[in-house]
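Per my numbering: the sequence shown ends with 913, consecutive numbering throughout. Where is the CB? At the ideal position from N, CA and C, for every residue including glycine.
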Amino acid sequence: MTRPGIEEAPLDDVLQRVVEQMAQAGAARMVDGTPEQAREKILATAATCAPGPAAVRVRQADASGGTPVRIYRPEIPGRGTIVHFHGGGWVTGDLDYSDAYCRHLAARTGRAVVSVGYRLAPEHPFPAALDDAAAALRWVAGGASGLDADVVLSGDSAGGNLAAVCAASGAPGLRVLGQVLVYPVVDGDLTRDSYRTRSTLFLGEEEMRWFWGHYCPEEPLRSGPRAAPLRAVGPGSVPPPAVLAVGGHDPLRDEGLAYADALSAAGTPAEVLAFPSLPHGFLQFTAVSPAAAAAQDRIVAAAARLCAEVFGPVPAHDLVIRGGTVIDGGGDAPFTADVAVDGVVVTAVGAVAGAGHREIDASGLLVTPGFVDIHTHYDGQVTWDPLLIPSALHGVTTVVMGNCGVGFAPVRAADRDWLIGLMEGVEDIPGSVLAEGIAWDWETFPEYLDAIDTPHAIDFAAQVPHGAVRTYVMGARGSDHTSRPTEDETLRMRAIIAEAVRAGALGWSTSRTAMHKTVAGEPTPSLTAPRSELVALAAGLRDAGGGVTDLISDFMDQPEEMELVRAIVEESGRPASVSITQADRVPGKWRDLLDGLAAVSGQTGLPVTGQVAPRAVGVLLGWELSWHPFTANPVHREIADLPVAERLARLRDPDVRARMLATDPDDSNAFQHRLATDFEHTYLLGTPPNYEPGPEDSVVAHAARAGVTAAEFAYDAMLGGGLLYFPMLNYSEGSLDAVGEMLEREGTVPALGDGGAHCGAICDASFTTTMLTHWGRDRTRGRRFPVEWLVKRHTTDTAAAVGLGDRGLLRPGYRADINVIDFDALQADHPEVRYDLPTGGRRLMQTATGYRATIVAGEVVLRDGEHTGALPGGLVRGARPAPAG
């Protein structure tokens, strides 16, 4: 036993003044009041107790039998669990009473701490508190909340009594390896000398008789081993090693020392920490007494030593990624380093000496921030898919939805089907899938956020869709393009935007493109919204003091539309972004549009960003997809509604093939007719996919080499499982030179991936992978870009565009969203058709090769494309500031 001499010392000066003030004020003694009054008195000590470390993660739970517990998880976790029982004489005290001390224990020892809120006397006399303590230990032994069943028991005062009793008795499946007892009650004998000579206003003999009387009214039971753990120590019962703290001005001093002596005699190591100037309960005075604060430091340091002895050393970090080539998202040159993660943030980048609780060997691999995709349309899928794939498969760790003015809140029950039809028409998401998959547990936008605020593999954030807002406020008139909102309706829409942003929306979105139609062919509601309405919605951002505007428009080449963008930005006082693509009919106009946005930004002093795609925006064509060269063929229409397997079997019939190839397509739909005839600009996608095909890759060229017609080649290629690629935007010159110029322009960010949309025609969630592979490694038809610059564009820059300043960089304090990438092996795989949506709905799925690990909030969520089961992601409510410093 480590046993110092117990020197004599006067009561700590600060606490002596507290005693004098209590005496002068005529403070009522606890024994003169009721238990309820005693509890109120104990609550008052909160002001004199310094708070514990805020960095410790804290969670409430219920143990076996409903016993409340509070779990403290340190930033640097280690093996083992500390189970703590608060003091208060079995009559007072609660989880808050020991909160600061438990925080210190967790932070200093590096172990999870479980604080137990047992039932109090006299309402629940002996052995209720002990029964609750045992129930909590059984709960820990069962592995609840991932807790280790190797434990050290801890307690102060009456909690020390419970800890010592449980240390002697244990629990099935639990290994009690140590005990940390602070001024514990270990015996019912109140005749020891310290009761006569060490009683103070903090605690005296009368108070102890009062506590014992309420807790264990039957005096004979107080000397039994379940109430007096000192008497349980002997040859047949040897408790585990202990740290035992006693105060020099505490009536419990002598029994605490006697317990230490008994442990020593039984061969159990016991470290005694004596604080001669301190009274009972000094842990509650750490905010006013430096001596009490120093004593707490010594106790938790001793507890850390004990834990290190019985549990082993604490890993320095939750996770260490070793020896990777770090591309930190800031645009700087790659460098070799370790990356350390604690909790949900990066804590070190460089030479990390300490071990990690988990380690990833990244030798020869890239280590980058997770990608941020700000245009995804996961508004429906987020309600049923916790993984949010395919985006998560391509290194994306944060997605933003609610784009293009379409979404599902706010909504009245009568308008749900209409919003489904709008999303189906605009974004090619099957209405049956949405109807089956969405639970509709909301009406308002804040209620929508609450409904989707559930664990996911990656993070997601939402914008308020103008189409839904307009329909919610105006009803059927919202989709009537001859109708205008009243002044009152305009104000209501403005208020909805403000309410949504205050609840956590990143902003709002609107669409002014005739391409966006409902499934019935009606234009999107916001297409003809008047300027006054759009400016009023923008004012909602000003009212909320945050948020961004997301706009897509057909009219950007008109001066009035650019002036409207300026008015929206000016009225909101907030940033905006506009979707920009290259159209074949005006292939150079996109430059003028970006120049116009830059001018608006200069005029307003706010960022006005162009969202641009990192490759052509094109549809994929196949027999199982929404479009193919024979969609308009009358022969195909005869079998178009057959089940997939039967339809494919018919397509293999030589007679069907011959009839279809011999039949001209219907020319009533210009787009479908173009698909049937423009084989010069339709390409075989290939494996791996070629997203910058040349003339030699066209269907015409392949057909010529095969000696067949273009239609024959297309028919057979699709029947063999191949996909055709028809670039619609960003490919006017037959190359991606214009895209490269867009990406390089100041004031743009890569976006428009639409991961949750266009299920049967487009598969662009792989934009992030294309950014790295095509532009950073594989491109042969023009210049490439430095990989570090490409990473910055899809991390720091995209995050900044929507106000997420807490992510996108691998630097201390930033969110630990990380990719570990085998760059040499990285590629987007060939898309495939899956029937895995609700109701067996169809979608294109594109996986990737080369993402060795994707980490979200410090947890590995994907390894080599396979989900680990972890769901650390969730709803991001509102903008996030960059870490301080």
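query: Does any heavy atom of the ligand ZN sit closer than 6 Å to the C-beta of Glu283?
result: Among the ligands in the structure shown, none appear at all, so the ligand ZN cannot be discussed.
- prompt: By how many angstroms is the C-alpha of Gln88 removed from the C-alpha of Val111?
  reply: Position 83 of the sequence shown holds residue 111. Position 60 of the sequence shown holds residue 88. If I take the Cα positions, the gap works out to 14 Å.
message: Once the 5 residues before and after Gly574 are set aside, which same chain residues still bring their CB inside 6 Å of it?
response: Residue mapping note: residue 574 aligns to position 546 of the sequence shown, counting from 1. Same-chain partners within the cutoff: Val529 and Ala907.
message: Below 8 Å, how does it come out for the stretch 289-300 and the stretch 224-234: are there three or more Cβ pairs, yes or no?
response: no
query: Thr823 and Gly357: beta carbons closer than 7 Å?
result: Residue mapping note: residue 823 aligns to position 795 of the sequence shown, counting from 1. Residue mapping note: residue 357 aligns to position 329 of the sequence shown, counting from 1. Cβ atoms of Thr823 and Gly357: closer than 7 Å.
- request: Could you tell me whether the Cβ atoms of Leu231 and His308 are closer together than 7 Å?
  value: Locating residue 231 in the sequence shown gives position 203, counting from the first residue. Locating residue 308 in the sequence shown gives position 280, counting from the first residue. Cβ atoms of Leu231 and His308: closer than 7 Å.
- prompt: According to DSSP, what are the bridge partners of Ser265?
  reply: Residue 265 sits at position 237 when you count from the first residue of the sequence shown. DSSP output for Ser265 lists Gly262 as bridge partner(s).
Distance, Asp346 Cα to Met543 Cα: Along the sequence shown, read from residue 1 onward, the residue named residue 543 stands at position 515. Along the sequence shown, read from residue 1 onward, the residue named residue 346 stands at position 318. Spanning the two alpha carbons is a distance of roughly 49 Å.
task: Can you check DSSP and say which residues form a bridge with His277?
output: Locating residue 277 in the sequence shown gives position 249, where the first residue counts as 1. Paired residues: Pro307.
message: Considering only DSSP beta bridges, list what Ser391 is partnered with.
response: Reading the sequence shown from its first residue, position 363 is the one you call residue 391. Beta-bridge pairing links Ser391 to no other residue.
message: Given this structure, state the Cα-to-Cα distance separating Asp623 from Gly833, to the nearest angstrom.
response: On the sequence shown, residue 623 is found 595 positions in, with the first residue counted as 1. On the sequence shown, residue 833 is found 805 positions in, with the first residue counted as 1. Cα-Cα distance, rounded: 26 Å.
- prompt: Between the C-alpha atoms of Ala541 and Ile580, what's the straight-line distance to the nearest angstrom?
  reply: Looking up residue 541 in the sequence shown gives position 513. Looking up residue 580 in the sequence shown gives position 552. What sits at residue 541 in the sequence shown is Thr, not Ala. Distance between the alpha carbons of Thr541 and Ile580: 7 Å.
field: Closest residue to Gly54 among Asp612, Leu229, Arg254 and Gly433 (Cα-Cα distance)
entry: As a working note, residue 54 is residue 26 in the sequence shown. Nearest C-alpha to Gly54: Leu229.
message: Using a 10 Å radius around the Cβ and a threshold of 16 neighbouring Cβ atoms, would you call Asp60 buried or exposed?
response: Indexing the sequence shown from 1 puts residue 60 at position 32. The residue is exposed, with fewer than 16 neighbouring Cβ atoms inside 10 Å.
task: Tell me, please, which residues DSSP counts as bridged to Ala442.
output: Position 414 of the sequence shown holds residue 442. Note: Ala442 sits in no beta bridge, so no partner.
query: Helix, strand or coil for His114 per DSSP?
result: Mapped onto the sequence shown, residue 114 falls at position 86. Note: His114 maps to coil in three-state DSSP.
- prompt: At what residues does the alpha helix (DSSP H) containing Pro662 begin and finish?
  reply: The sequence position of residue 662 within the sequence shown is 634, counting from 1. Counting along the chain, the alpha helix (DSSP H) containing Pro662 begins and ends at Pro662 to Ile667.
- prompt: With respect to the alpha helix (DSSP H) encompassing Asn189, which residues constitute its N-terminal and C-terminal limits?
  reply: Counting from one through the sequence shown, the residue named residue 189 turns up at place 161. Per DSSP, Asn189 belongs to the alpha helix (DSSP H) from Ala186 to Ser197.
message: What would DSSP say about Arg85, mapped onto helix, strand or coil?
response: Counted from its first residue, the sequence shown places residue 85 at position 57. Correct three-state label for Arg85: strand.
- request: To the nearest angstrom, report how far apart Ala844 and Glu816 are at their CA atoms.
  value: For the purposes of this step, residue 844 is taken as the residue at position 816 of the sequence shown. For the purposes of this step, residue 816 is taken as the residue at position 788 of the sequence shown. Going by the C-alpha atoms only, they are around 18 Å apart.
message: Residues in the same chain with beta-carbon distance under 7 Å from Lys820, minus the five sequence neighbours each way, listed in chain order, please.
response: Here residue 820 refers to the residue found at position 792 of the sequence shown. Excluding sequence neighbours, Lys820 sits near Gly357, Gly358 and Gly359.
- prompt: Which value, in whole angstroms, describes the spacing of the CA atoms of Tyr146 and Pro96?
  reply: Reading the sequence shown from its first residue, position 118 is the one you call residue 146. Reading the sequence shown from its first residue, position 68 is the one you call residue 96. For Tyr146 and Pro96, the distance between alpha carbons rounds to 7 Å.
field: Alpha-carbon spacing of His114 relative to Asp571, whole angstroms
entry: In the sequence shown, the residue the question calls residue 114 occupies position 86. In the sequence shown, the residue the question calls residue 571 occupies position 543. For His114 and Asp571, the distance between alpha carbons rounds to 47 Å.
- prompt: Would the beta-carbon of Thr797 fall within 7 Å of that of Ala876?
  reply: Position 769 of the sequence shown, counted from the start, is the residue given in the question as residue 797. Position 848 of the sequence shown, counted from the start, is the residue given in the question as residue 876. Cβ distance < 7 Å, so Thr797 and Ala876 count as in contact.
query: For the candidate residues Asp850, Ala162, Ala332 and Thr801, whose alpha-carbon lies nearest to that of Ala135?
result: If you number the sequence shown from 1, residue 135 lands on position 107. When only C-alpha atoms are compared, the closest one is Ala332.
- prompt: Which residues mark the beginning and the end of the beta strand (DSSP E) in which His916 is found?
  reply: Given that the chain is displayed from residue 29 to residue 913, the structure contains no residue 916 and the question cannot be resolved.
field: Euclidean distance between Cα positions of Asp578 and Pro493
entry: Start at 1 with the first residue of the sequence shown, and residue 578 comes out as number 550. Start at 1 with the first residue of the sequence shown, and residue 493 comes out as number 465. Roughly 9 Å separates the two Cα atoms.
- request: Have a look at Leu39 and Gly384 and give me their C-alpha separation to the nearest angstrom.
  value: On the sequence shown, position 11 is the one that residue 39 refers to. On the sequence shown, position 356 is the one that residue 384 refers to. Using only the alpha carbons, I get a separation of about 44 Å.
- request: Take Leu555 as the anchor and find which of Asp508, Val597, Leu565 and Ala564 has the nearest alpha-carbon.
  value: Mapped onto the sequence shown, residue 555 falls at position 527. Nearest option by C-alpha distance: Asp508.
- request: Could you check what DSSP says for Trp27 in three-state terms: helix, strand or coil?
  value: Absent from the structure is residue 27, since the part of the chain shown begins at 29 and ends at 913.
task: Look at Val372 and Ile349 and say whether their C-beta atoms are less than 7 Å apart.
output: As a working note, residue 372 is residue 344 in the sequence shown. As a working note, residue 349 is residue 321 in the sequence shown. No, these two residues do not count as a Cβ contact at 7 Å.
query: Looking at the unbroken alpha helix (DSSP H) that takes in Leu890, where does it start and where does it end?
result: Translated into the one-based positions of the sequence shown, residue 890 becomes position 862. No alpha helix (DSSP H) holds Leu890; the beta strand (DSSP E) holding it covers Glu887 to Arg891.
message: Whole angstroms are fine: how far does the CA of Leu280 sit from the CA of Trp240?
response: Within the sequence shown, numbered from 1, the residue matching residue 240 stands at position 212. Within the sequence shown, numbered from 1, the residue matching residue 280 stands at position 252. The straight-line gap from Cα to Cα measures roughly 13 Å.
message: Runs of 4 residues minimum, wholly inside the stretch 222-261: which ones carry the alpha helix (DSSP H) assignment?
response: 233-243
task: Taking Ser760 and Gln874 to be in contact with their CB atoms under 8 Å, please state how far apart those CB atoms are, rounded to whole angstroms.
output: Mapped onto the sequence shown, residue 760 falls at position 732. Mapped onto the sequence shown, residue 874 falls at position 846. Actually they do not touch by this definition, with Cβ atoms about 25 Å apart.
- prompt: So, is Thr49 buried or exposed, given that buried needs 16 or more other C-beta atoms within 10 angstroms?
  reply: Taking the first residue of the sequence shown as 1, we reach residue 49 at position 21. Checking the sequence, you will find Gln at residue 49 rather than Thr. Looking at its Cβ environment, which holds fewer than 16 other Cβ atoms inside 10 Å, Gln49 is exposed.
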